[in-house]
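Residue numbers (the numbering used here): 19 to 241.
Contents: one structure, followed by commentary.
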């Protein structure tokens, strides 16, 4: 079994130097995070308003608040490990799986998590989480996101009716879009390969133009 040396804190400046993510992309990622939170947070507010109105809607309001709070917490949890410093060095496969299960809970996309590397390279699971979000974007009608892997790396496979990369994702994944041309719907496609390279990983997309399935491949070492 291949083992990967763990990087210490001293490597953080090197990671920052190798990852050319500009201010425009950072702003768009923040906008995306806020967009994904505004729905459940707004629903919590609606539930509080129902409670204030009284009547017979107390139980319904509490259910709305509880469900929306769980959704907001799940989204924050995934973004924390996928985009924050918490997921770089010490993220376990169990924590990564739990974060994705919370993200997909109650939605039209089903998570299938099978084997993953026993000793993943730094950043491998973090990048796989972002790949799973990209896979979800390729499933407009729902379907499944399968995460599988071995000691060579991880594959994230999206399968479902109408499964395909959105047109704006293809050039962004290939690094062919200037940062000034990015938008909220393409910024994650731009940032994910950059994050992979910052950790010394390779990131590839298979069958991007074929309907029915899209595969993302993350491996230790650059190709």
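Cβ coordinates follow ideal geometry from the N, Cα and C atoms, glycine included.
First and last residue of the uninterrupted alpha helix (DSSP H) at residue 111
111-122
Per DSSP, which residues does residue 62 bridge with? Please list them.
None, per the DSSP bridge assignment.
Where the alpha helix (DSSP H) through residue 213 begins and ends:
205-216
Cα-Cα separation between residue 186 and residue 151, rounded to whole angstroms:
15 Å
Residue of 171, 178, 135 and 65 minimising C-alpha distance to residue 10
Past the boundaries of the shown model lies residue 10; the chain is included only from 19 to 241, so the question cannot be answered.
Would DSSP call residue 14 helix, strand or coil?
Missing from the structure shown is residue 14; the chain here goes from 19 to 241 and no further.
Once the 5 residues before and after residue 235 are set aside, which same chain residues still bring their CB inside 6 Å of it?
These residues qualify, in order along the chain: 173 and 222.
Considering only DSSP beta bridges, list what residue 220 is partnered with.
237
Between the Cα of residue 229 and those of 183, 190, 214 and 204, spot the shortest distance and give me the residue it belongs to.
183
By the three-class DSSP mapping on this structure, what secondary structure does residue 167 have?
strand
Following the continuous beta strand (DSSP E) through residue 128, name the residue where it begins and the one where it ends.
127-131
Residue 91 versus residue 166: straight-line alpha-carbon distance, rounded
25 Å
DSSP three-state label for residue 76, please.
helix
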